[in-house]
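Data first, discussion second: the structure below is written as structure tokens.
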Amino acid sequence: MDVDLIIVGGGLAGNCLALSLHKTCLKIAIIEAQSRQTLDGAALGDRALALAAGTVDALRSLDLWEGISYAATPIENIHVSDQGHFGKTHLSAKKENVPALGYVIAARDLENHIANHVAKLQNTNVFYSTRVAGIISDENAVFVSLKSEQESINLRAKLVVGADGGNSSVRQLLNITQHRTDYGQSAIVTTVSTSRPHQNVAYERFTSSGPLALLPLGTHHCAVVWTRKSDDAQALMQGSEADFIAQLQQCFGYRLGELNLSAPRHAFPLSLIRADDIIANRAVIIGNAAHQLHPVAGQGFNLGLRDVMALATMIASQSDNDIGAPDFLASYAEKRQSDQSRTIQFTDALVHVFSNEWLALAAVRNLGLTLLDTLPFAKSILAKHAMGLHL
Ligand SMILES: Cc1cc2nc3c(=O)[nH]c(=O)nc-3n(C[C@H](O)[C@H](O)[C@H](O)COP(=O)(O)OP(=O)(O)OC[C@H]3O[C@@H](n4cnc5c(N)ncnc54)[C@H](O)[C@@H]3O)c2cc1C
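When you line the sequence shown up against the working numbering, it's residues 15 to 405, in that order.
Printed below as a string of structure tokens:
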């Protein structure tokens, strides 16, 4: 079968890419390994996503925001603190002159909403429960072989995009090497109800065993992303709910009154994966396939969507020209280089600086947080980073 573009991975990045190209007349195939039912029931769908203001602007431009904004909670203030130390800082939408610093949404709601929009696209065919078995290319085309339970299919296109997540098969089939750093930490994800209203404040609390985020969701709920050393996380997951909530309360304190569990707990091991290249012959990798980040700064999807928007803009302006040509792909890679590096370094530095109990480092970061609180310009830069705006 001949198409123009093959997107491997029907997650947030892959689906958003197809949607962002709907005004072109490109014929697109999306290959998704799971069925829609399996994706809908996946534990990972229970994570909350903090969407930067820049991401919301992009979703709006794709006509995706209006139909889902009701499920998103605006973040009006961000409170950053360090457990057991004096340093803290506070970012405010009002001071930045914006309606919100970002929004929080259940990932499953956003994923389903986007997948429903993709299902209506005229020029896009989605192959669910189908995996990529092989990729070869020549000067003119890329050939992708697919396997599902029922059949084997061969596709030919101008370009293949790997948007198939942190363990990307496309990356492996293209022989692109990667750097992987195992943080020795897991993120425990759940939702709690709070006896006091959160007043649209997102809390980021750095503790000796890793950061804890409570993100406002609805009026009396918060999404929890609690990063713990892997052994601690395992113990917390195996312990009772009562024990879990007692430890969470002890770590967070009583700013929001009493916390109660209102969703199951899930733990996800954390590592930084960075592909050594993001292009190959007639191929590009985007989103988590190119860079899987620690969730501490909530930057993963925000960065992935910037890959999508950049690639879509370039493809759309390529019109009659070859969208898999080497110079075209090289200019995409060059365009994305600095944003990807900066976001990866910012996130990785946060993990290392704030997971460390070494006294001098604790003093420096507390001084940093305190100084930041008194320096409007520096705070504004941090707020812009949180909003996903370029610095
Ligand atoms: C606990 C946690 C909290 C997070 N919080 C935030 C946050 O607040 N803000 C934020 O911006 N980001 C956050 N992230 C990151 C965000 O979830 C990811 O960056 C984003 O989901 C990546 O989207 P993606 O489409 O690139 O990859 P994925 O979501 O991994 O999608 C890849 C898709 O490819 C499919 N696939 C895999 N292999 C194949 C194959 N061989 N063939 C075909 N299909 C395949 C998969 O089934 C999947 O559907 C968080 C992540 C975690 C784990």
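Ideal Cβ placement from N, Cα and C applies to all residues, glycine included.
Rounded to whole angstroms, the gap between the alpha carbons of Ala344 and Lys37 is 24 angstroms.
Counting only runs of 4 or more residues that sit fully inside the stretch 27-100, the alpha helix (DSSP H) segments are 50-55 and 67-75, in chain order.
In this model, Val206 and Leu76 are separated by some 32 angstroms (Cα to Cα). Look at Thr204 here: in three-state DSSP terms it is strand. Secondary structure note for Val140: it is in no alpha helix (DSSP H), and the uninterrupted beta strand (DSSP E) holding it is Thr138 to Phe141. Shortest gap from the CB of Pro309 to any heavy atom of ligand 1: under 7 angstroms. Proximity of the stretch 214-230 to the stretch 238-246 meets the contact definition, three or more beta-carbon pairs being nearer than 8 angstroms. Contact annotation: Leu187 and Ile20 have beta-carbon atoms that are not nearer than 8 angstroms. Between the stretch 101-115 and the stretch 38-57 there are fewer than three C-beta pairs closer than 8 angstroms, too few to call the two in contact. A direct Cα-Cα distance of roughly 29 angstroms separates Ala347 from Gln136.
Taking a C-beta distance under 8 angstroms as the contact criterion, Thr69 and Leu319 qualify as a contact pair.
For the pair Arg356 and Ala324, the CB atoms are not nearer than the 8 angstroms cut-off.
By the neighbour-count definition (other C-beta atoms within 10 Å, threshold 16), Pro230 is a buried residue. As summarised for the stretch 108-147, the continuous beta strand (DSSP E) elements at least 3 residues long and confined to that stretch are 116-120 and 138-141, given in chain order. Of all alpha-carbon atoms in Asn91, Glu46 and Pro113, the one lying nearest the alpha-carbon of Asp178 is that of Glu46. Rounded to the nearest whole angstrom, the CA to CA distance from Cys236 to Ala155 is 48 angstroms.
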